[in-house]
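Heads up: the protein sequence lines correspond to chains A and B, in order. With the first letter of the first sequence counted as 1, position 70 gets the number 70 in the working numbering; the numbers rise by one all the way through. With the first letter of the second sequence counted as 1, position 98 gets the number 1098 in the working numbering; the numbers rise by one all the way through. Cβ atoms here follow ideal geometry from the backbone N, Cα and C, with glycine treated the same way.
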Amino acid sequence: MSQVIDPVVANRHLHDVAVMPRPTMGLAVYSLALRELMRFFRQRTRIVGAFGQPIIFWVLFGAGLHGSFQGPAGISYQEYFFPGVAVMIVMFTAIFSTISIIEDRREGFLQGVLVAPIPRTSLVLGKVIGGTILAVLQAVVFLAIGPALAFVGLSPSISTGLTWFNLPGVIAYLSLVAFALTSLGYLIAWPMDSTHGFHAIMSVFLMPMWLLSGSFFPAPATGWLSWVIRLNPLTYGTAGLRRLVTPNAEALTGLPSLSLSVAMTSLSAIVYVAIAIWMTNRQTAHNAR
Amino acid sequence: MSDSIAVSVSGLRHRYADREALCGIDFTVSTGEIFGLLGPNGGGKTTLFRLLTTLLPLRSGVATLMGVDLASQPQIVRQLIGVTFQSPSVDGKLTVAENLRHQAYLYGLSGSVVASRIDELLSRLGLTDRRHDRVDSLSGGLKRRVEVAKSLLHHPRVLLLDEPSTGLDPGARHDLWEYLTRLRREEGTTILVTTHLMEEAERCDRLGILDRGQIVALGSPDELRLSVGGDCLTIQTLAPASLSEQIASRFQITPRRLGDALRIEHEAGHELLRDIVAAFPNEITAISLAKPTLEDVFIARTGHRFWESEPS
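Right, here's the structure in full:
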């Protein structure tokens, strides 16, 4: 009863192996990154979360701290904090897009990707590039329209620092920072089984990393705190952005140079993504869940 | 000979940290065959499925799919197989068509092939009018069909399905099997399916019965049933121990005890039934005579009931 098959059909596999489409990394990365974007724009709460919190931080901390803040070259706190909020947006978006790897694993989507004939590296790159695009998109939108809050009285009038001239550089630099942070988020999320663990890491590691990056307050010249900030890779991410968008050169005294910022941010991006790729390529029982 | 073998597994073992899930599995599946792995949950089916789909690394034993060694060339194996998981692997936030397009890209399909292949599978699985629906909004049966469509996009030579009927109503289950048999007939696709449902196992060409990490029986459903012998008598009684002894001394037959019931496999079941009922009219609460089922095969080979073997 089983052999109702045409023998020609039965042997077709021998030819098929040779003519099967070769899976390519580029196509897989494109498809995985596109999926990240589609999911993001279909979940309104994610847009609200990634945008809302930084703006609330900016408005509230700006209002609360501007009286006591003595910024470099006498700039207002809102003005000082502005690029820091952009970095915060990049970090939040990066984190929320990588946290989805935990959901993908739990909901089963990931197993379909893991049995597909693609290099596992494309899974890392698809996620990270998707998250990077989302993060840069939001940070640039914030930089462009954030100062408009002045019109409704929520902030003093400040300049965005964005010009048509520096926009390509800002986008390129934010992409680098976002790529690094998304890779960092990925390597934290990959081994985890639940999002609870990720939230814990977020409060004890990622938030302090941002707070101590010169985004929230300037680094003191001496003392242990100055060293923590100097050793924090994200310090260079924030410093580079400040150098690109701050028109007042005096306000930049004491910050790492742009070339050092680019070098340090690139280095951390390479380290993070390399660890993420290594973890993902490891054959473990963890994948079968 | 090797050309007609789609899946070959020998000496396959797998240990989790605390227990041995598979202890030496051997079987082969011919090309174009529907092969079922039947067993209770916890029997090792899912571990075997995960090894064959490359989700778990193969550490001990040899497995080949279409002649390709699984351990050394998993990437080629991944191209040859289609996998339908028990838990959904589709993205509920995307539409049916978007899920399929994503899958096509992962398997290297591009250009006009993608659209034509998606159209073809949507119509074959009756999903055409659902193509723009988000997967989250579909019923369980339709979701499973999307899973199947997804796993067939790249013309796999071997389709592996893990408990495909889970969560499906009888109608949807029937449709799925209609489709699988058609796929085998029209495309010569080899199908390997794990199941804990006897009814589903009946539809396979050949079966491997898996219990506690071992294949305890291998053959077509008919062969397996014949191997048990004549008829199966099941006796319900309030005093199984004493009745068992009495039957043993009187008829020189040792009944198998399964909870409150006694089970006897016998060539001439109808005669034995008559004799037993005549001999012990008061001890028996119910007695039934039946041709052996796959469950009887399982009981005969393992000495315990299908559902009692679940490890705690």
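In whole angstroms, what separates the C-alpha of ARG42/A from that of VAL128/A?
19 Å
For GLY240/A, which residues from the same chain have a beta carbon less than 7 Å from its beta carbon, with the 5 sequence-adjacent residues on both sides left out?
TYR173, LEU258, SER261, VAL262, THR265
LEU1058/B beta carbon less than 8 Å from that of ALA1006/B:
no
Contacts that ARG1078/B makes with chain A (C-beta to C-beta distance below 7 Å)
VAL115, ALA116, PRO117
Contact between the stretch 1224-1237 of chain B and the stretch 1259-1268 of chain B (3+ Cβ pairs under 8 Å):
yes
Counting only runs that start and end within the stretch 186-266 of chain A, where is the alpha helix (DSSP H) found for 4 or more residues in a row?
195-201, 207-210, 224-231, 233-245
Of all Cβ atoms in chain B, is any one closer than 8 Å to the Cβ of MET38/A?
yes
Would you call the stretch 1186-1200 of chain B and the stretch 1040-1052 of chain B in contact, with 3 or more CB pairs under 8 Å?
yes
Nearest-angstrom Cα separation, counted from ARG35/A out to HIS1102/B
8 Å
Is THR284/A buried or exposed, if buried means 16 or more other CB atoms sit within 10 Å of its CB?
exposed
Does any residue of chain A bring its CB to less than 8 Å from the CB of ASP1260/B?
no
Is the Cβ of PHE947/B closer than 8 Å to any Cβ of chain A?
Past the edges of chain B, shown from 1001 to 1312, lies residue 947/B, and the structure says nothing about it.
For LEU1100/B and ILE1118/B, what's the separation of their Cα atoms in angstroms?
7 Å
Near LEU1125/B, which residues of its chain fall below 6 Å by C-beta distance, leaving aside the five closest residues on each side in sequence?
ARG1145, ALA1149
Mind pulling the beta strand (DSSP E) runs of 3 or more residues that sit fully within the stretch 1201-1225 of chain B?
1206-1211, 1214-1219
Across which residues does DSSP place VAL1009/B in a beta bridge pair?
PHE1027/B, ALA1063/B
Here's the rule I'm using: 16 or more other beta-carbon atoms within 10 Å means buried, otherwise exposed. How should GLN1079/B be labelled?
buried
Please check if any C-beta of chain A sits within less than 8 Å of the C-beta of THR1237/B.
no
Pick from SER1089/B, ALA1279/B, GLU1098/B, ARG1225/B: whose alpha carbon is nearest that of ARG1250/B?
ALA1279/B
Quick one: using the 10 Å Cβ neighbour count with 16 as the cut-off for buried, is SER97/A buried or exposed?
buried
Could you tell me which of CYS1204/B, GLY1229/B, ASN1282/B sits nearest to GLY1314/B, measuring between CA atoms?
Nothing in the structure corresponds to residue 1314/B, since chain B is present only between 1001 and 1312.
Straight-line gap, PRO1040/B to SER1165/B (C-alpha atoms, nearest Å):
15 Å
Would LEU1210/B and LEU1038/B qualify as a contact pair, given that the criterion is a beta-carbon distance under 8 Å?
yes
Just how far apart, CA to CA, sit MET91/A and GLY223/A?
27 Å
Hey, quick one: how far does the alpha helix (DSSP H) through ALA1241/B stretch, first residue to last?
1240-1251
What's the call for ILE277/A, buried or exposed, on a 16-neighbour Cβ count within 10 Å?
buried
Checking contacts by CB at 8 Å: is LEU1152/B closer than that to chain A?
no
Pull up the CB-CB distance for LEU1233/B and ILE1264/B, whole angstroms please, since I reckon it's below 8 Å.
4 Å
Any C-beta of chain B within less than 9 Å: which residues of the stretch 27-57 of chain A qualify?
LEU27, ALA28, TYR30, SER31, LEU32, LEU34, ARG35, MET38, ARG39, ARG42, GLN43
Starting from the C-beta of LEU65/A, find all residues in its chain whose C-beta is less than 6 Å away, skip the five residues before and the five after it, and write them out in chain order.
TYR77
Relative to the C-alpha of TYR186/A, which residue among THR45/A, ARG22/A, ASP104/A is closest?
ASP104/A
Throw me the rounded Cβ distance for the ILE89/A and PHE142/A pair, which I believe falls under 8 Å.
5 Å
First through last residue of the beta strand (DSSP E) which encompasses ILE1284/B
1284-1290
When the Cα atoms are used, what is the spatial distance from TYR1107/B to GLY130/A?
20 Å
Min CB distance TYR1105/B to chain A below 8 Å
yes
With 8 Å as the limit, tell me which residues of the stretch 204-234 of chain A have their beta carbon closer than that to any beta carbon of chain B; keep them in chain order.
none
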